Amino acid sequence: MKGGARMTGYGITLEYDDHVAIARFERPDKRNVFDEVMWGEFESVIKLLEENTPRVVVLTGAGNDSFCAGFDVSLDNPQVAGLVEAVTHHDRAPIERLIAHMRSIVDRLCALPVPIIAALNGSAYGGGAELAVRCDMRIMDPDAVICFSEVRLGLMPDWGGAAALPRLVGPARAAEMILTARTVTAREALSCGLVNRISSPGCALAESVDMARMIAANGPRAVRSALEVIRSTSNPSLHNALALEMERAIALITTGECVHGISAFLSKTTPDFPDSTAETT
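Take -5 as the starting number for the sequence shown in the working numbering and just add one per residue.
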């Protein structure tokens, strides 16, 4: 699938522009959030990338407002109903299966042996912010923001963001961003090393593709070899951190705290989380 070939599906498109593949999240009316069907499409896209690997992959979102707002917590998403039922029955197994499935798809993306660039055409919230930080490079629109918003819902990052973010900005700054769930502007993201550059307005994708073409023009074996070393050097204990993140995220959902947060989010009210001194296990 080369030379401008394009795959379309619900929520995802994949386009090959010579040696550069552009994967686009296509739910702009829903801020490009992931529901059950979109996860299936994303897995299909990654399978195509594994079978027909380009020299560079660019991720972006449709529209001008959102890169991706992460997991679709609306009641229209069957995964939400499944989580609520599992929490109600204190059943850890369905939660573990869902989190492990989502993480396995993101991990497969990040295991592609070629550079992955996140073109932050709009704001990245929750899982969208996690996808961005798990890419190798990020170019951000000046009006976009990044927000690790999970704790507002009684959740925590579970797509790899809690493990990846400290390696970009340091543990103290990562703790502030994740634990406060505040928005990070493009200017701050650039100053702390969260993104590589700020694009001209509306040009995050175009500038990301330009960067991708510069990389693709170089020796493909040289790029892959250098990237392998860069990833291993910057992430010496990433595997352990990713495993711990998934374990803690599963345990947290099992406690049911997220039911309060998701309910408040859907009703546009402020969540009233119950106090708990118990260790999440």
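From the three backbone atoms N, C-alpha and C, an ideal C-beta is built for every residue, glycine too.
Bear in mind the structure is a predicted one, so any value in this text is a computation, not a measurement.
- In this structure, Leu199 is the residue among Leu199, Ile140, Val253, Leu69 with its C-alpha nearest to the C-alpha of Ala17.
- Counting along the chain, the unbroken alpha helix (DSSP H) around Arg242 starts and ends at 232 to 249.
- When the beta-carbon positions are compared, Ala245 and Asp152 stay at least 8 Å from each other.
- Taking the C-beta atoms as reference points, Leu236 is found nearer than 8 Å to Ala157.
- Counting along the chain, Thr82 sits inside the alpha helix (DSSP H) bounded by residues 72 to 82.
- Val223 sits exposed, since fewer than 16 C-beta atoms from the chains shown fall within 10 Å of its C-beta.
- Within the stretch 118 to 182, the complete beta strand (DSSP E) segments at least 3 residues long are 131 to 134, 139 to 141, listed from N- to C-terminus.
- Asp12 counts as exposed, since fewer than 16 other beta carbons sit within 10 angstroms of its beta carbon.
- Per DSSP, reduced to three states, the secondary structure at Phe259 is helical.
- By the C-beta criterion, the stretch 57 to 67 is judged to be in contact with the stretch 119 to 135, since at least 3 inter-stretch pairs fall below 8 Å.
- Arg191 is positioned such that its CB atom lies closer than 8 Å to that of Ile133.
- Inter-segment contact for the stretch 46 to 62 and the stretch 100 to 110 is present: three or more beta-carbon pairs are separated by less than 8 Å.
- Residue environment analysis places Asn212 among the exposed positions, since fewer than 16 neighbouring C-beta atoms fall within 10 angstroms of its C-beta.
- For Ala17, the enclosing beta strand (DSSP E) covers residues 14 to 19.
- Here the stretch 31 to 41 makes contact with the stretch 87 to 106; the two share three or more CB pairs at distances below 8 Å.
- Phe61 carries a strand assignment under DSSP once its states are collapsed to helix, strand and coil.
- The beta-bridge partner set that DSSP reports for Phe28 consists of Phe65.
- About 6 Å separates the Cβ atoms of Val163 and Leu188, confirming a contact at the 8 Å cut-off.
- With contacts defined as CB atoms closer than 8 Å, Ile172 and Val139 fail to qualify as a contacting pair.
- The beta-bridge partner set that DSSP reports for Leu53 consists of Ala17, Ala112.
- Here Leu43 carries a helix assignment [DSSP, helix/strand/coil].
- Residue pairing for Ile192: DSSP places it in a beta bridge opposite Met134.
- The Cβ neighbour count for Ala168, taken over all protein chains shown within 10 Å, is at least 16; the residue is labelled buried.
- Taking the Cα positions, Gly5 is about 16 Å away from Val100.
- By the neighbour-count definition (other C-beta atoms within 10 Å, threshold 16), Asn234 is an exposed residue.
- Approximately 6 Å separates the beta-carbon atoms of Val27 and Arg21; this is inside 8 Å, confirming the contact.
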